[in-house]
Amino acid sequence: MGLLARRNLFHDKVRFAVTLTGIVFALVLIIIQFGLFLGFTTTTSNNIDHSQADLWIVFHGVGYFDTGRSFSERKLYQVLSTPGVERAEKYMQSFGRWKRPDGRMENIQVIGFHPGSGLGEPWNIVQGSIANLRQEDSVLVDELYREKLGVQQIGDQVEIGDHRARVVGFTRGIRSFTTSPFVYTRFKNSLDYTNPTSREDATGYLLVKAKSGVSPKELQARLQARLRDVDVYTTAQFSWKTRFYWMFTTGAGLAVLTAALMGLVVGVAVVAQTIYAATMDHVREYGTLKAMGATNRYLYRVLIEQAVLSAVLGYGLAMIVAHFIVAGSAKGGAVILMPWSMSAGMLVLAVVMCIAAALVSINKVTKIDPAMVFRG
Amino acid sequence: MDRQTMIAAEGLGKIYREGTAELRALQGVDLEVRAGELTLLMGPSGSGKTTLLSILGCILRASGGKLEILGEDVGALSESQLPRIRRQRIGFVFQGFNLFPTLTAAENVALALDLRGVRGAAAQKRSEELLAEVGLSHKAHWFPADLSGGQKQRVAIARALAGDPPILLADEPTAALDSTSGRTVIELLQRLARVDGRAVVTVTHDPRVLPAGDRIIHLEDGRILREERNVLAGPSQTSLFTEVPSPGAGTSHRLAI
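Protein chains in written order, with this note's numbering: chain A, 1044 to 1419; chain B, 26 to 282.
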């Protein structure tokens, strides 16, 4: 049975190549779409996920990152005096205008935090250090945006909101999902860069670290009961709310998921067509097998074996292609992520897709009349 | 039922319906096929030979009448039980060989064994034995496309013997063969009947086959017109067919070849 499945599959090499192309095309399309989706969602909550904080305190009603509304830093002292709090820091995110050395303007997102606090700091620093941010008017940017921001090396000077700024380091792989790159600086600088008229005692967020042994959930409830006009989220909750907002409220995620679904549909259609064509080519053989006493179940197993073989081979090729695409995306503007769980899921999807595609052929084989073997 | 009767048909009929139109392909066929005999089904096109062979092979269900295969009432079996009867009791040889082009001769035979649950080394050994039985040991690893028509048909016969069936049904097995190959194939079928004791039924138009047959059943318009017996049945190339008396008909004698 296995031999027949293999031989029938590999016999017509052109058709087999078409089948594999269809599977690879569908899988790569799905991987790219889901990888983009995953990359996009991860990017939207990157600053939250890497904050090292257990809790995020935001102005009441602020449901996601990027829309922080300022509130009084007096809340910080209330937080610090709450039992179970290890430390808490102010944090700011706001849009600003970056004037490149050549005079061109770019929109940026300024992230203000307290260097050395361990909360809300940038990560993956490849040049310079966070300690450099203690210097006046210093900023860290990601190397992905060197060209966009018009800076090439440490020491380059620019203006942000009419204030001088000097690049003191570069991060790697911290993307913004908008067209405005993140620029990290001291908390005080961030106010100067984005809203010089704002009160110095204002903050956009408070990042809280729970004491060892204190559960963030427990501390969340304690702080929520104590603080007014703010919402307290665990980091995971705020991350999820942010991702959900950008993915589904804006429709961006739906577009990506729809494209992935289209990939799946195209894949099933292509594979179904090729497996069906191969079945039709061998229809007399299936009739002969039936006449010889093969049950429908036996024939189904031949077809499913072909489908699974196609899926596994197609998956292998798709992974090779996807690997290059994913690697290439690391240096691009939009990251495509492919964690191992997604790779494993793709194998399952490939097998399910090919078996679904074989159902059309299974239906055909079921209807084959073995008496056909005696006709002409 | 006689101990040597492999197939017993009584009043077999087959009606094909398409819309309101009806075609009576077979009507009132009574037939017994015995072990050790090569039975030839002859008749003009549309006489019902293939329909009868399909019904005897449990591939097609009769519209009426009764059919017993080795004493088992086939009409009483469900559709899902028929493949078992075909696997265990019947071997098929087709006019167009119906070999699997992507498999070698040995693999074609092994596939038929696989259907019966025989796999691996046992299947390889048995397929070699069967190919040896039809004189094709040296072609075991050849693909059908590289074999002559006669060799293909012999592979098909080896495949039909995979389940060691007591009944062998062949549909015009020599039609696509030259005289030498045709003679080899028919001698093989004759041996399988007379030496191995199988019941072999062959639909044929080929007059070269006649001397090898033990009986000839003549069909016309879906009925058995007459039946003849070869009184010189044996390895010789001559035969004397004697018409078997049937109810309401006289007896006659005819020298076939």
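Using N, Cα and C, we set each Cβ at its ideal position, and we do this for glycine too.
Under the Cβ criterion (8 Å, minimum of three pairs), the stretch 177-188 of chain B counts as touching the stretch 109-118 of chain B.
When secondary structure is reduced to three states using DSSP, Asn1150(A) falls in the strand class. In the three-state scheme derived from DSSP, where H, G and I count as helix and E and B as strand, Gly68(B) is classed as coil. Less than 9 Å separates the beta-carbon of Ser1353(A) from that of Ile1318(A). Within the stretch 191-218 of chain B, those residues whose Cβ lies closer than 7 Å to any Cβ of chain A are, in chain order, Asp196. Met1290(A) and Lys1056(A) have their alpha carbons spaced roughly 42 Å apart. With respect to the 9 Å criterion, Gly1127(A) and Val1257(A) are classified as neighbours on the basis of their beta carbons. Among the residues facing chain B, His1054(A) is included, as its CB has a counterpart in that chain under 9 Å away. Close to Asn1051(A), with beta-carbon spacing below 7 Å, are these residues of chain B in chain order: Thr127.
Any Cβ of chain A closer than 9 Å to the Cβ of Leu51(B) would place that residue at the interface, and such an atom is absent. Counting the other Cβ atoms within 10 Å of the Cβ of Asp1097(A) gives 16 or more, which makes it buried. In this structure the stretch 1162-1173 of chain A does not touch the stretch 1139-1150 of chain A; the number of beta carbon pairs closer than 8 Å is below three. Per DSSP, the unbroken alpha helix (DSSP H) holding Gly1330(A) starts and ends at Val1326 to Ala1334. Collapsing the DSSP output to three states places Arg86(B) in coil. Taking 9 Å as the CB threshold, Tyr1319(A) stays off the interface with chain B.
Under the three-state reduction of DSSP output, Arg1140(A) falls in the strand class.
When Cβ-Cβ separations below 9 Å define contact, Phe1417(A) makes contact with chain B. Arg1112(A) sits exposed, since fewer than 16 C-beta atoms from the chains shown fall within 10 Å of its C-beta.
When C-alpha distances from Trp1099(A) are compared across Ala1365(A), Phe1281(A), Glu1328(A) and Phe1077(A), the shortest belongs to Phe1281(A). Tyr1248(A) and Ser1137(A) have their C-alpha atoms spaced approximately 11 Å apart.
For Glu104(B), there is no enclosing beta strand (DSSP E), as DSSP marks it with neither H nor E. Chain-ordered, the chain B residues with CB closer than 9 Å to the CB of Leu1047(A) read Phe125, Thr127, Leu128, Glu132, Leu136 and Asp139. By the 16-neighbour rule on beta-carbons within 10 angstroms, Asp1274(A) is buried.
For Tyr1341(A), the closest of Thr45(B), Leu136(B), Arg151(B) and Leu66(B) by C-alpha to C-alpha distance is Leu136(B). Using a Cβ-Cβ cut-off of 7 Å, Glu1328(A) is close to Phe125 of chain B, given in chain order. In the pairwise beta carbon analysis, the stretch 52-67 of chain B is classified as touching the stretch 76-87 of chain B: at least three pairs are separated by under 8 Å. If you look at Met1290(A), you'll find it isn't in any beta strand (DSSP E); DSSP assigns it neither H nor E.
In the displayed model, Asp1092(A) falls within a helix according to three-state DSSP. Relative to Phe122(B), the option among Asp189(B), Gly222(B), Leu172(B) and Thr30(B) whose CA is nearest is Leu172(B).
Under a criterion of Cβ atoms nearer than 7 Å, the residues of chain A adjacent to Thr75(B) are, in order, Phe1417. The alpha-carbon of Val210(B) is positioned some 34 Å away from that of Lys1407(A). Around the beta-carbon of Leu128(B), 16 or more other beta-carbon atoms lie within 10 Å, marking it buried. Take the alpha-carbon of Ala131(B) and the one of Ala60(B): they are about 28 Å apart. At a cut-off of 9 Å, the C-beta of Met1290(A) has no neighbouring C-beta in chain B. Scanning its chain for C-beta atoms nearer than 7 Å, with the 5 sequence neighbours on each side dropped, one finds around Thr1285(A) the residues Thr1087, Ser1088, Ile1091, Tyr1107 and Phe1108, in chain order. For the stretch 1358-1373 of chain A, the set of positions with a beta-carbon nearer than 7 Å to some beta-carbon of chain B is empty.
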